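Undergrad: Residue numbers (my numbering): 107 to 506. Following this message is one structure expressed as structure tokens.
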Ligand SMILES: Cc1ncc(COP(=O)(O)O)c(C=O)c1O
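Below, the structure written as structure tokens:
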């Protein structure tokens with residue numbers, strides 16, 4: 107039983123463990139150390155956006171720092187500020203802001219920010235109070251998300267150099283993002299790399315001296331060393347998930363999945379052949395069967411697209427979700443298994459005990475492993491375990 111926060115003066119409430127996501131911090135540290143090995147010679151930024159891909163932003167960031175992550179990467183300002191509030195004093199890079207967002211606090215907190223247009227430089231300069239904004243200039247090398255397209259790159263550089271000369275910003279980095287690193291042989295990677303390299307040359311010809319150049323996400327950190335420059339930004343691999351799906355599973359890459367999702371059956375029943383299950387009665391029992399009610403649904407982040415087929419482990423057997431996944435619950439066909447209410451099922455985990463993987467769930471929902479873990483909602487408590495507690499004092503930037 108975990109503990110629920112309660113208003114002042116009242117004893118904490120017990121939290122029922124209807125379901126839980128268990129996160130192994132030793133696996134996170136192992137993966138960070140493994141990624142450091144892949145990117146020897148470069149600094150490592152562990153990406154913890156979207157609540158650490160569903161694993162919990164602060165515990166993941168702490169584990170990553172303990173394993174030697176030089177940087178932490180956050181998408182949005184709230185995430186970066188939450189990390190500072192949690193006591194992380196190390197380098198943090200945050201890259202997604204919208205016009206008018208209050209940047210002053212992030213600048214004052216020494217958070218590195220991104221700019222991909224002259225107006226973003228202006229906003230950063232306007233947010234400066236007593237220390238210059240630390241800025242990474244973003245070039246759009248072909249993905250057409252953020253960043254300056256090559257034709258607009260010189261204008262961005264000029265705006266940045268102007269504000270740097272005025273003491274309002276410091277140009278710390280030049281960066282971009284890859285569209286196809288999950289297919290390492292794709293020519294798109296070569297083209298983006300060439301555009302990035304050229305953009306660095308152009309910036310240097312204008313007199314920019316950026317300390318950090320970064321382009322590589324997980325796929326590129328693992329498979330494209332020529333994209334490493336002096337800083338890499340892996341996200342999904344930190345959590346022990348392969349960016350390459352089944353074509354190169356996590357174990358082959360030396361990664362350990364960190365999350366296990368478990369639930370306790372809320373109800374069990376024996377149904378005769380011909381009984382329909384869940385909304386729309388899209389599945390009908392072909393023969394007498396034991397059904398188990400899993401108290402998790404799309405309101406918790408289970409993908410509804412995985413209805414009728416997602417795998418579950420019960421004792422040592424692989425069983426299937428049958429019928430539609432509802433908002434709060436779904437049904438598993440336990441066939442003739444000996445089962446009682448309250449028994450545990452494992453939806454996914456590292457696979458060491460034969461349980462389904464996050465990739466199996468991604469296949470069932472026709473999506474990617476990223477989405478399965480990231481979507482798990484706040485109704486599922488995260489419980490942190492450490493299968494290999496560290497004995498010595500932790501080290502690394504941000505550790506206190
Ligand atoms: C800018 C940026 N860098 C790095 C990452 C990490 O990517 P991945 O999880 O594929 O390693 C992301 C995530 O999409 C990102 O948006």
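The C-beta atom is built at its ideal place from N, Cα and C for all residues, glycine as well. Bear in mind that the values here come from a model prediction, so they are computed numbers and not experimental data.
Out of curiosity, what's the CA-to-CA distance linking residue 489 and residue 445?
TA: Put simply, the backbone Cα of residue 489 is about 25 Å away from that of residue 445.
Undergrad: Please return the same chain residues whose Cβ sits closer than 7 Å to the Cβ of residue 460, not counting the five positions on each side in sequence.
TA: 419 and 422
Undergrad: I'd like to know whether the C-beta atoms of residue 254 and residue 222 end up nearer to each other than 8 Å.
TA: yes
Undergrad: Work out the CA separation of residue 188 and residue 505 for me, nearest whole Å.
TA: In this prediction, residue 505 scores a pLDDT of 30, lower than 50, which makes its location untrustworthy; the coordinate-derived value is nonetheless stated afterwards. The straight-line gap from Cα to Cα measures roughly 16 Å.
Undergrad: Sorted by chain position, which residues of the same chain lie with C-beta nearer than 8 Å to residue 434's C-beta, five sequence neighbours on each side aside?
TA: These residues qualify, in order along the chain: 401, 402, 403, 405 and 406.
Undergrad: Please name the residue in 227, 204, 235 and 206 whose C-alpha comes closest to that of residue 216.
TA: The shortest Cα separation from residue 216 among 227, 204, 235 and 206 belongs to 235.
Undergrad: Tell me, please, which residues DSSP counts as bridged to residue 417.
TA: 426
Undergrad: In the structure shown, what three-state DSSP assignment does residue 199 receive?
TA: strand
Undergrad: Who are the near neighbours of residue 492 in its chain, counting only those whose CB is closer than 8 Å to its CB and skipping five residues on each side?
TA: 130, 131 and 132
Undergrad: Residue 363: beta carbon under 7 Å from a heavy atom of ligand 1?
TA: No, the beta carbon of residue 363 sits no closer than 7 Å to any heavy atom of ligand 1.
Undergrad: Using three-state DSSP, classify residue 317 as helix, strand or coil.
TA: In the structure shown, residue 317 falls within a coil segment according to DSSP collapsed to helix, strand and coil.
Undergrad: Which runs of the alpha helix (DSSP H), 4 residues or longer, sit entirely within the segment 260 to 325?
TA: 293 to 311
Undergrad: Below 8 Å, how does it come out for the segment 263 to 279 and the segment 339 to 350: are there three or more Cβ pairs, yes or no?
TA: no
Undergrad: If contact is defined by three or more beta carbon pairs under 8 Å, each pair taking one atom from either stretch, is the segment 362 to 372 in contact with the segment 170 to 177?
TA: no
Undergrad: In whole angstroms, give me the CA-to-CA distance for residue 191 and residue 233.
TA: 20 Å
Undergrad: Do the segment 142 to 149 and the segment 377 to 390 touch if we need at least three Cβ pairs shorter than 8 Å?
TA: No, the segment 142 to 149 does not touch the segment 377 to 390.
Undergrad: Since residue 367 sits in a beta bridge, which residues does DSSP pair it with?
TA: 127 and 454
Undergrad: Using only the heavy atoms of ligand 1, determine whether one of them is closer than 7 Å to the beta carbon of residue 393.
TA: no
Undergrad: Is DSSP giving residue 164 helix, strand or coil here?
TA: helix
Undergrad: Pull up the CB-CB distance for residue 148 and residue 334, whole angstroms please, since I reckon it's below 8 Å.
TA: At roughly 5 Å, the Cβ-Cβ gap stays under 8 Å, so residue 148 and residue 334 are in contact.
Undergrad: Flag residue 342 as yes when its Cβ comes closer than 7 Å to any non-hydrogen atom of ligand 2, and as no otherwise.
TA: Among the ligands present in this structure, namely ligand 1, ligand 2 is not found.
Undergrad: Grab the span of the alpha helix (DSSP H) containing residue 190 for me, first residue to last.
TA: 183 to 191
Undergrad: Looking at the strands, I want to know which residues DSSP matches up with residue 439.
TA: 397 and 426.
Undergrad: Could you tell me whether any non-hydrogen atom of ligand 1 is closer than 7 Å to the CB of residue 323?
TA: At least one heavy atom of ligand 1 lies closer than 7 Å to the C-beta of residue 323.
Undergrad: Is residue 142 near ligand 1, judged by its Cβ being under 7 Å from some heavy atom?
TA: no
Undergrad: Is residue 339 near ligand 1 - that is, is its Cβ less than 7 Å away from at least one heavy atom of it?
TA: yes
Undergrad: Which residues does DSSP list as the beta-bridge partners of residue 220?
TA: 242
Undergrad: Does residue 299 pass the burial test, meaning 16 or more other C-beta atoms within 10 Å, or should it be called exposed?
TA: buried
Undergrad: Check whether the Cβ atoms of residue 486 and residue 127 sit closer than 8 Å, and answer yes or no.
TA: yes
Undergrad: How many angstroms separate the CA atom of residue 181 from the CA atom of residue 292?
TA: 26 Å
Undergrad: May I ask which residues mark the beginning and end of the beta strand (DSSP E) holding residue 476?
TA: No beta strand (DSSP E) contains residue 476, which is instead part of the alpha helix (DSSP H) from 475 to 480.
Undergrad: Which one of 308, 323, 117 and 265 has the shortest CA to CA distance from residue 179?
TA: The option with the nearest alpha carbon to residue 179 is 323.
Undergrad: Spell out the partners DSSP gives residue 373 in its beta bridges.
TA: Looking at the DSSP assignment, residue 373 forms a beta bridge with 399.
Undergrad: Would you mind giving the Cβ-Cβ distance between residue 365 and residue 479, rounded to the nearest angstrom? I have them listed as a contact below 8 Å.
TA: 6 Å
Undergrad: Given a cut-off of 8 Å on the beta-carbon distance, is the pair residue 219 and residue 203 in contact?
TA: yes
Undergrad: Please report the distance separating the alpha-carbon of residue 198 from that of residue 238.
TA: 15 Å
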